[in-house]
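Trainee:
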Amino acid sequence: MIRASLKGLISRKVGGFLPLPPPMKKNFLEAPQTTLAQFADVRKGGGFEYVGGIMPIDLFPKAYRAGIDIAARQGTTYSTGARIIGLGHCMMFFFAYPFNRADETDVDRARRALEETNREVLEMGGIPWKAEAPAQKQIIGRMDPHTLALINRVQSMLDPQGIMNPGNWEVR
Amino acid sequence: MEFADILHRCFRCGYCKFPNNYQDFNCPSYSKFRFETYSPGGRMWVLRAWLNGELKTSPRLAEILFSCATCGNCVEHCVFPKFKDDILHAFLAAREEMVNQGTVPPAVRDYLKALQVHGNPYRLPGSERGKWQDGLGLEPYSGQEYLFHAGCVGSLDERGMKMARSVASLLKKLGVPFGILGTEESCDGNEARSLGEKGVFQSLVEQNIQAFQRLGVKKVITLSPHAYHAFKNDYPKDSYPFEVFHYTQVLGAQAKKLAALPASSSLKVTYHDPCYLGRHNKEYQAPRKVLKSISGLQLLEMGRVKENAFCCGGGGGNFFTDLLGSGPESPARARVREAMETGASILAVACPNCAKMLEDAAKAEDLEGKITVKEISEIIGEKA
């Protein structure tokens, strides 16, 4: 039923990302695709996390400034980019923070930048895409109580022991 | 642990698991177990957790570490220059830690104990070591140009002995001047090294170097790519320099003589690159040169060859410990199926370990009569 109701939007490509511009497409089709691994090695430490906020396009300048301010405040290195969604009704706008997994201070710095970025996205009316566990908690904290109750009922019915993907979207 | 300071840099992008055409997984242990922890990246993360005290030593952890076939696919395909050179070094250092703790899998313990007590993993007396060459009329080494080193598998394993006899006979027929050590030969120690037993490896190095020095050996031909690798890269050349050749390199130099042999009607052959000859030492051409010199032979390459070849699963001591050995998803069985897809009726090998692994796999796959595993000189030998 859901699929059928969305079929028109899907086939018109209204719901997905707009086609990549040629330079990005070239990068994404590179094999091996080294960009992400190289970015993760900026701090010589094998790690990065990102916040990809789904939000209206007109928030771009504000979101850009906010991301830069957060990175400066937390002392993190960053990478940023955007993908336009559908017919231009919104965008996925990301800030990514690399960190050195062997340096706890560096890991904490990136963690704080992530927390703050997630908070900022939600404040602006956006929603973090593919949210990691701490971002999920922030989303759950702002979720409509009826939606929360519905997710809870579905989870209780399908996964009463909480064994499916534990740690993720734990609304109870 | 040595190389502990590089482990955190692995991002687990996953390219270490693949060949460059991405046709299938190319890490033998990941291909077999299909758990991230059995891939190079996962292994690095688990290893780091172990060193940080977040993970206790367990039989499962030992299996994860010792199931690596040290094939070098990860080193070939990791996207980080320099870092990638130490991936296998880190795994061997971790094995060394486990050896020192005495927490290795039972099969590894038994292998190392047999090597220490008997000088070979088969628990056979030294007097058995020379029997592989009975009736061939080979000369003991006494200053000939080359020393032919048969190794433990070539000297004591039934399949390995067949291969050693075939190679030595062909070298003799071609007039290559060589001698053998027979019962005086020692293990090259490559598997002890790759299983993390540095002490045993060191003592075998000294034993071999002393023998070579005493006899004045200047050039060694090895049957096994594993011995070739150890002699070439891990023996200290500053104490006693000697040249090392894999037998296919010596046969390659005789390609004209081989080409003059009577032509076969039609031989469809595919070739399996041994990791310790290919990826570890970049020798892809010599075996192919020998094969291509055989009149009537058509070489049909598999999808994964040369630097992308899929290991038979017998490297890193696994030939003896068999941590990757059984079941349809074992690397050797997957490789034999891949060989079948080429339409070849002969799967050519240049390593005694590969010969046995793949021959057993062909039997398990019920492919006997459809594809035959033959070592390169065995293909030539029928005509020579």
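Sequence lines, in order, name chains X and G.
Numbers given in the numbering used here equal positions in the first sequence, counted from 1, plus 5.
Numbers given in the numbering used here equal positions in the second sequence, counted from 1, plus 33.
Positions of the beta carbon are idealized from the N, C-alpha and C atoms, including for glycine.
Just so it is clear, the structure is predicted and the values come from calculations on it, not from any experiment.
Could you give the first and the last residue of the continuous alpha helix (DSSP H) run that contains residue 374 of chain G?
Mentor: Element bounds for residue 374 of chain G: 364–374.
Trainee: Counting pairs of Cβ atoms below 8 angstroms between the segment 304–318 of chain G and the segment 62–71 of chain G, do you hit three or more?
Mentor: Cβ pair count under 8 angstroms is below three, so no.
Trainee: Which residues in the same chain have their Cβ closer than 6 angstroms to the Cβ of residue 132 of chain G, if we skip the five residues on either side of it in sequence?
Mentor: Once the five neighbours on either side are set aside, the close Cβ partners of residue 132 of chain G are 229 and 230.
Trainee: If you count every other CB in all the chains shown that lies within 10 Å of the CB of residue 159 of chain X, and 16 or more means buried, which is it?
Mentor: It is exposed - the Cβ of residue 159 of chain X has fewer than 16 other Cβ atoms within 10 Å.
Trainee: What residues from the segment 38–50 of chain G come within 7 angstroms of chain X, judged by C-beta to C-beta, listed N to C?
Mentor: Per Cβ criterion, the list reads 41, 42, 43, 44, 46 and 48.
Trainee: Per the DSSP calculation, residue 252 of chain G is bridged to which residue(s)?
Mentor: Partner(s): G/276.
Trainee: Give the range of the beta strand (DSSP E) segment to which residue 8 of chain X is assigned.
Mentor: Run containing residue 8 of chain X: none in the beta strand (DSSP E); it sits in the alpha helix (DSSP H), 7–16.
Trainee: Quick one: list the residues of chain X neighbouring residue 369 of chain G, beta-carbon separation under 9 angstroms, in chain order.
Mentor: Per Cβ cutoff of 9 angstroms: no residues; residue 369 of chain G is ~28 angstroms from chain X at best.
Trainee: At the 9 angstroms Cβ level, is residue 58 of chain X part of the contact set with chain G, yes or no?
Mentor: Output row for residue 58 of chain X: interface = no.
Trainee: Is residue 313 of chain G buried or exposed, if buried means 16 or more other CB atoms sit within 10 Å of its CB?
Mentor: Buried, since its Cβ has 16 or more Cβ neighbours within 10 Å.
Trainee: Establish whether the CB of residue 142 of chain X and some CB of chain G are separated by less than 9 angstroms.
Mentor: Output row for residue 142 of chain X: interface = no.
Trainee: Hey, could you find the ends of the beta strand (DSSP E) residue 44 of chain X is sitting in?
Mentor: Run containing residue 44 of chain X: none in the beta strand (DSSP E); it sits in the alpha helix (DSSP H), 40–45.
Trainee: Give me the Cα-Cα distance between residue 196 of chain G and residue 381 of chain G, rounded to the nearest whole angstrom.
Mentor: The straight-line gap from Cα to Cα measures roughly 12 angstroms.
Trainee: Do three or more CB pairs link the segment 81–93 of chain X to the segment 12–24 of chain X at distances below 8 angstroms?
Mentor: Yes, the segment 81–93 of chain X touches the segment 12–24 of chain X.
Trainee: Bridge partners for residue 54 of chain X per DSSP, in chain order?
Mentor: X/102.
Trainee: Which residues in chain X have a C-beta closer than 9 angstroms to the C-beta of residue 113 of chain G? List them in chain order.
Mentor: In chain order: 39, 42, 43 and 46.
Trainee: Judging by CA-CA distance, which residue of G/356, G/285, G/260 and G/393 is the nearest neighbour of residue 220 of chain G?
Mentor: The candidate whose alpha carbon is nearest that of residue 220 of chain G is G/260.
Trainee: Identify the residues that DSSP records as bridge partners of residue 81 of chain G: which are they?
Mentor: Paired residues: none, contrary to the question.
Trainee: Within 10 angstroms of the Cβ of residue 46 of chain X, are there 16 or more other Cβ atoms? Answer buried if so, exposed if not.
Mentor: The residue in question, residue 46 of chain X, is buried, as its Cβ has 16 or more Cβ neighbours within 10 Å.
Trainee: Could you name the residues of the same chain whose beta carbon sits closer than 7 angstroms to that of residue 120 of chain G, not counting the 5 residues immediately before and after it, in chain order?
Mentor: Cβ neighbours of residue 120 of chain G beyond the five flanking positions: 73, 107, 108 and 111.
Trainee: Just to confirm before moving on: does the CB-CB distance between residue 364 of chain G and residue 91 of chain G stay below 9 angstroms?
Mentor: No, these two residues do not count as a Cβ contact at 9 angstroms.
Trainee: Is it true that the segment 124–139 of chain X meets the segment 46–65 of chain X, where meeting means three or more beta-carbon pairs spaced less than 8 angstroms apart?
Mentor: Yes, the segment 124–139 of chain X touches the segment 46–65 of chain X.
Trainee: Please check if any C-beta of chain G sits within less than 9 angstroms of the C-beta of residue 53 of chain X.
Mentor: Chain G contact via Cβ: present.
Trainee: At a CB-CB cut-off below 7 angstroms, which residues of chain G make contact with residue 106 of chain X?
Mentor: Chain G residues near residue 106 of chain X: 41.
Trainee: Taking Cβ-Cβ distances shorter than 8 angstroms, what residues in chain G pair up with residue 31 of chain X?
Mentor: None at all; the shortest Cβ gap to chain G is about 17 angstroms.
Trainee: By DSSP's criteria, residue 380 of chain G is part of a beta bridge. Which residues make up the other side?
Mentor: G/303 and G/406, per the DSSP bridge assignment.
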